[in-house]
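These notes are about the structure you will find just below.
Residue numbers (the working numbering), protein chains in the order written: chain A, 8 to 610; chain B, 8 to 408.
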C-alpha cells in the first residue's frame with residue numbers, strides 16, 4: 008500500500024502554557040472520528056498520569072488522524088503534541104523536526120506571551136510554516152481583533168484569516184481542519200531513495216524492547232529490513248512498523264518518505280537508541296545523517312540517592328530508561344558520605360527536575376533523597392586549569408582557586424503595569440542587572456534583566472507569581488558565564504561536615520543563607536539523647552549556629568489490663584520513624600532535611 | 008501446676024474522665040447486672056479449661072469496679088474461687104474510685120477475699136481534679152482511703168498523675184506530700200498522655216506535639232518541667248522508703264504489685280469481660296469490645312478455631328482476635344517488657360526461654376545502649392540506668408527486631 012505524499016500533513020501545535028494546545032489537539036482528534044466521544048477522555052494525548060494531574064504536557068506525543076476534507080479527498084494528519092514549559096524547549100525542538108508545519112495557538116484574552124514567541128522562533132528555525140489560531144474566543148475578556156494585530160506586529164506573520172475558535176466548546180474547529188489542508192505543506196522526499204529517518208522520541212516497552220518514534224524523510228522502511236542507527240552504529244532487524252492511534256500503536260506494512268510512525272527492531276540495549284539520531288538501511292545506507300537537534304545542556308544539577316541503599320541498581324535502571332526518551336537528562340554515579348551511592352543528575356530546569364523526581368517515584372516506585380539543586384560553576388584554578396563544578400563537594404581548596412564564574416541568564420518577564428515595581432524589586436533582590444523595559448501595550452510591560460541562574464532555580468517562579476498575583480510570565484535563556492564572588496557553605500551537624508548539605512552561594516548572601524539553613528535544620532532534625540550543634544561554616548569559619556537540645560524524657564503510658572499489643576504498636580511507630588532517617592556520625596537526619604535548603608525563602 | 012493471673016474488666020463509669028481512652032462508659036443497673044451474669048458464665052466456662060493452672064493474682068479493674076453493687080462483686084469473687092484454684096496468699100486487687108465506696112462495701116470486699124485496694128486519686132488539687140473531669144474531691148479521696156484502712160486493708164495503692172495542664176513541679180509536690188502523709192504501700196505515678204479520641208485530645212493535641220518536640224506548650228507543662236516532676240517523685244518516694252521497682256511504680260518493700268509484675272514477666276493471664284486481653288501459652292487473645300454482642304455470646308459460649316493467615320488457633324466465640332506470638336515477638340516482648348522493671352532481665356532466664364544467649368540476638372544493641380550509658384550489665388542481669396529510665400521509649404524500641 009503506498010500513500011500519496013500530497014495527502015499527508017505532519018504538524019504540531021505550539022502555544023504558551025495554558026493557551027489551550029492540548030484541548031485543541033483533543034478537538035481535532037475527536038472531530039475527525041479517530042475516537043468516538045465515548046472513548047474520548049479530556050486531553051487524550053497527555054497519557055502520563057503526572058501530565059493529567061498537572062494539566063501540562065511533558066512528553067511529546069503523536070497521533071495519526073484521517074480527515075475527509077471539503078475537496079472530497081481523504082488526508083492523513085500526523086499530529087505531534089508538544090510541551091509548553093520553558094524547561095522543555097528541547098522536547099519542542101524534537102517534535103518540530105518531525106513536522107512540516109505548526110499550528111500556533113494564541114489565547115484571545117492573553118495574547119502573545121513570552122513562550123509564544125520562543126516557540127514561534129523555534130518553529131521558524133526548523134523552516135516550518137506557522138498557521139495561527141485564535142483560541143478561547145468564548146471568554147468574556149477575549150479580544151480577538153487585538154490579538155490578530157499583536158500577532159502581526161510582534162511576531163510578523165499573517166493572521167487576518169486565522170480561525171477564531173473555542174477549543175473548549177468545539178466552535179470553528181472545522182475551519183482549523185480545512186486550513187491544515189490548505190496551509191500546511193505536504194511532505195516531500197523520495198520514497199525510493201536510501202532510508203533516512205529521524206528519531207524524535209523513543210520509549211521502552213518490556214515486551215517489544217525500545218520503540219523508536221521516527222519521521223521518515225527519505226526512503227522506505229518495512230518489517231525484515233536491517234537498519235542501522237547512524238550515531239551509535241547499532242544494527243538490528245525491524246520487527247514491526249506502524250503509526251500512532253490515539254494512545255495505541257497500530258502496525259502497518261511500511262513507512263515511506265513523509266510519514267510519521269514507529270518501528271521496533273528488538274533493540275534491547277536502551278543506550279543504542281538516541282533521540283535525534285538518524286535511522287538508515289544497513290544494506291543501503293544514506294550518505295549523510297540528518298542534522299540532529301541543537302544539543303541542550305543541563306542547567307541544574309542535584310544529587311539523587313535511593314532512600315534504601317539496596318535500591319541503587321533500580322535507580323540506575325530507571326534513569327537509563329527515562330533517558331532514552333529524554334536525552335536532556337544527564338546522570339553520572341557519585342557517592343556521598345551521608346547518603347551513600349547515588350547519581351549526580353543534570354536537568355534543563357527546576358520543573359524538569361521535579362518531573363523526573365516524580366516519575367522516578369511513581370513510575371518506578373523509588374523512594375528518593377534529593378540534595379539541593381545547583382548550577383554549573385566554572386572554577387579557574389591558579390594552575391590555569393578550569394573545572395566545571397556540578398557538585399559543591401568537589402570544590403578545590405580556596406588557595407587553589409584563582410576565580411570562579413557562574414552562569415547568568417537573560418530573563419524576560421512580561422507583566423501588567425501594576426506589578427512592574429514589585430517584579431523589579433524581586434529581580435534586584437536576586438542580584439539582577441537591569442537591561443531594559445518596554446511597554447508592549449499600555450498595560451503590559453516587557454522587563455529584561457540579567458540574572459544569575461542560581462538565584463532563579465529555587466523559588467523564583469513562585470516568588471514571581473506571588474508578587475504579581477499570577478500575572479507575570481517568565482522566560483530565560485542562558486547568556487553566558489560571569490565572574491562572581493562565590494563561596495562554599497558547609498553544614499556541620501554535631502561537628503561533622505555533611506557533604507550532601509554543602510552548597511555554593513554568593514559571598515554576601517552566605518551569612519543569611521547559613522543562618523536560615525541552621526534554623527531550618529533545627530526544625531527538621533528530631534531531638535536525640537544528646538545535644539546536637541548545627542553549624543554553618545565558610546572556609547572552616549563558623550558563621551551561624553543552632554542547637555537541637557537533648558531529649559530529657561520519653562516514657563510510655565500506663566499499661567492497661569495486659570494490653571501489650573498497644574505498647575508494641577507505640578514502640579514500632581518509634582522504630583518506623585527511624586527508618587526514614589539517614590545516619591551521619593551518631594545523628595539521624597530525616598531525608599526531608601536534605602531538601603530543606605530549597606525552602607529557605609519561605610517565611 | 009502452671010502459674011496463671013486473672014483479670015476481670017468492669018467497663019462502667021459514672022462519668023468518663025476527659026483524658027480517658029480506656030474501654031468504659033456509663034450504664035444503668037439492669038445493664039450492670041446483665042454484664043455480671045455474662046462475666047459469671049465466662050468465668051465458669053474457662054474454669055473448666057484451666058484445671059492445670061493455679062492462680063497467683065486476681066485484679067478487678069475498670070472502668071470503676073467499685074461502682075458495682077458489693078453483692079455483685081462478691082458473686083464474681085465466689086465464681087472465681089469456685090472455678091479456679093486460687094492460692095492461699097494470692098494478691099487480689101480491686102480498683103476503687105473515691106466517692107463510690109461505702110464502709111459496707113469495703114467490709115464485703117474483705118469478706119470476699121480481696122486484700123489489695125487501688126484508689127485513683129490523680130491529684131490532690133480539687134481544681135485539677137475538676138479540670139480532669141473526675142467526679143470526686145480530694146476530701147472524698149481521704150475518706151475513701153480512711154475507710155479502706157479501717158476495714159483492714161494493709162495493701163493500698165494510690166494512682167497519681169503528672170504532666171497535667173497547668174501543673175508545675177511545685178503543685179505536683181503538694182500532691183506527692185499529701186499522698187505520702189497517708190503512707191500507702193504502693194504508689195503508681197504516671198504522666199498524662201494525650202490520647203486520640205478523648206476530649207483532651209481536641210483540647211491539647213497541638214500542645215502535646217510541642218511538649219514532645221521540646222518546645223513551649225501553652226497549657227501542658229514543658230518537657231523540662233515534666234522531667235523535674237519525675238525526678239521529684241523518684242527523690243521524695245525514695246526518701247520515704249519506697250522502692251522504685253518499675254518505670255512508673257513505687258512500693259514499700261514486699262508490696263510490689265505482683266499482678267503487674269506478671270505482665271512484665273510474660274506470665275500467663277486470662278482476662279474476663281469486655282475487650283479484655285489474655286495471654287495463654289504464647290497465644291494472645293482479645294475479647295469483643297461491644298457490650299451487647301458480648302453479653303449475647305456468653306449465653307452460648309463455645310469453642311472454635313480462629314482462622315489466621317497460616318494457621319488455626321483454639322479460640323471461643325468471645326474472641327475478637329487471636330494471635331500466636333512468634334518466637335521473634337516473644338524475644339522482643341521479653342526485652343521491652345522485662346526492662347520496664349528496675350531489676351531488668353536475667354540472662355539465664357533469656358537463655359532458658361529461647362535456647363540462645365542474649366548476645367547472640369542483641370550483641371549490637373546492647374553494646375550501643377551501654378555506650379550511650381542507658382543500660383548496665385551486672386551479675387547476670389541487664390537493666391536500665393537512670394538515664395535509660397528517663398528515655399525508656401527510645402531504649403525499648405531498640406529491642407524490636
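Think of the CB as a built atom: it goes at the ideal place given N, C-alpha and C, for glycine as much as any other residue.
First and last residue of the alpha helix (DSSP H) that includes residue 79/A?
From DSSP, residue 79/A is part of no alpha helix (DSSP H); its letter is neither H nor E.
Reference residue 381/A; option with closest CA among 306/A, 251/A and 265/A:
306/A
For residue 317/B, the nearest candidate out of 330/B, 200/B and 103/B (CA to CA)
330/B
Suppose contacts are defined by Cβ-Cβ distances below 9 Å. Is residue 71/A in contact with residue 267/A by that definition?
Yes, the Cβ-Cβ distance between residue 71/A and residue 267/A is below 9 Å.
Does the beta-carbon distance from residue 601/A to residue 345/A come in below 9 Å?
For residue 601/A and residue 345/A, yes; Cβs fall inside 9 Å.
Between the Cα of residue 185/B and the Cα atoms of 152/B, 131/B, 205/B and 216/B, which residue gives the shortest distance?
The candidate whose alpha carbon is nearest that of residue 185/B is 131/B.
Taking the beta strand (DSSP E) that residue 590/A belongs to, which residues open and close that run?
588-591
Roughly how many whole angstroms lie between the Cα atoms of residue 403/B and residue 382/B?
For the pair residue 403/B and residue 382/B, the Cα-to-Cα distance works out to about 11 Å.
What residues of chain E sit near residue 362/A, judged by a beta carbon separation below 7 Å?
Protein chains A and B are contained in the structure displayed, whereas chain E is not.
Given residue 484/A, which residues of its chain have a CB within under 7 Å of its CB, disregarding the five upstream and five downstream residues?
In chain order, 416 and 417 place their CB closer than 7 Å to the CB of residue 484/A, counting only its own chain and leaving out the 5 sequence neighbours on each side.
Rounding to the nearest angstrom, what Cα-Cα distance links residue 328/B and residue 291/B in this structure?
Rounded to whole angstroms, the gap between the alpha carbons of residue 328/B and residue 291/B is 8 Å.
Identify the continuous alpha helix (DSSP H) that holds residue 40/B and give its terminal residues.
Residue 40/B -> alpha helix (DSSP H) spans 36-56.
Assign residue 308/A to one of three DSSP states: helix, strand, or coil.
Residue state, collapsed to three classes: strand.
Could you tell me how far apart the beta carbons of residue 413/A and residue 482/A are, in whole angstroms, since I believe they sit closer than 8 Å?
About 20 Å separates the two Cβ atoms, so there is no contact after all.
If I follow the unbroken beta strand (DSSP E) through residue 225/A, where does it start and stop?
216-225
Ordered along the chain, which non-local residues of its own chain (more than five positions away) have a Cβ less than 7 Å from that of residue 45/A?
Low confidence applies to residue 45/A: its pLDDT is 42, below 50, so where it sits in the model is not reliable enough to give any reading.
At what residues does the beta strand (DSSP E) containing residue 63/B begin and finish?
60-69
Taking a Cβ distance cut-off of 7 Å, strictly less, list which residues of the segment 576-595 of chain A are near chain B, in chain order.
578, 579, 581 and 582
So residue 26/B and residue 207/B are in contact, right, with Cβ under 8 Å, and what is the actual spacing, rounded?
4 Å
If you check the beta carbons only, do residue 592/A and residue 503/A fall under 9 Å apart?
yes
Once you ignore the five residues that flank residue 357/B on each side, which residues in its own chain have a CB closer than 7 Å to its CB?
341 and 365
Partner residues on chain A for residue 237/B, Cβ-Cβ distance less than 7 Å
560
The beta strand (DSSP E) spanning residue 443/A covers which residue range?
440-446
If I measure Cβ to Cβ from residue 106/A and keep anything under 7 Å in the same chain, skipping five residues before and after, which residues do I get?
17, 18, 19, 87 and 135
Does the pairing of the segment 10-21 of chain B with the segment 540-560 of chain A give three or more beta-carbon distances under 8 Å?
no
For residue 290/A, which residues from the same chain have a beta carbon less than 7 Å from its beta carbon, with the 5 sequence-adjacent residues on both sides left out?
233
Interface residues of chain A around residue 254/B at Cβ under 7 Å?
562
With H, G and I counted as helix, E and B as strand and the rest as coil, what does DSSP make of residue 378/B?
Look at residue 378/B here: in three-state DSSP terms it is helix.
Buried or exposed, going by whether 16 or more other CB atoms sit within 10 Å of the CB of residue 48/A?
Residue placement at residue 48/A is flagged as unreliable, the pLDDT there being 49, under the threshold of 50; the coordinate-derived value follows with that caveat. Answer is exposed; the Cβ neighbour count stays below 16.
For a test of the three-state rule: what should DSSP assign to residue 483/A, helix, strand or coil?
strand
Alpha carbon of residue 388/A to alpha carbon of residue 335/A, nearest angstrom
29 Å
In the segment 472-542 of chain A, which residue ranges form an unbroken beta strand (DSSP E) of at least 3 residues, counting only runs that do not cross its ends?
Runs found: 480-491, 493-500 and 510-513.
Residues of chain A with a CB under 8 Å from the CB of residue 343/B: which are they?
574, 575 and 578, listed in chain order.
Pull the bridge partners of residue 195/B from the DSSP assignment, please.
Partner(s): 166/B and 256/B.
Run through chain B and tell me which residues come within less than 7 Å of residue 536/A, C-beta to C-beta.
Simply 379, 398 and 401.
Would you report the Cα separation of residue 223/A and residue 194/A, rounded to the nearest angstrom?
10 Å
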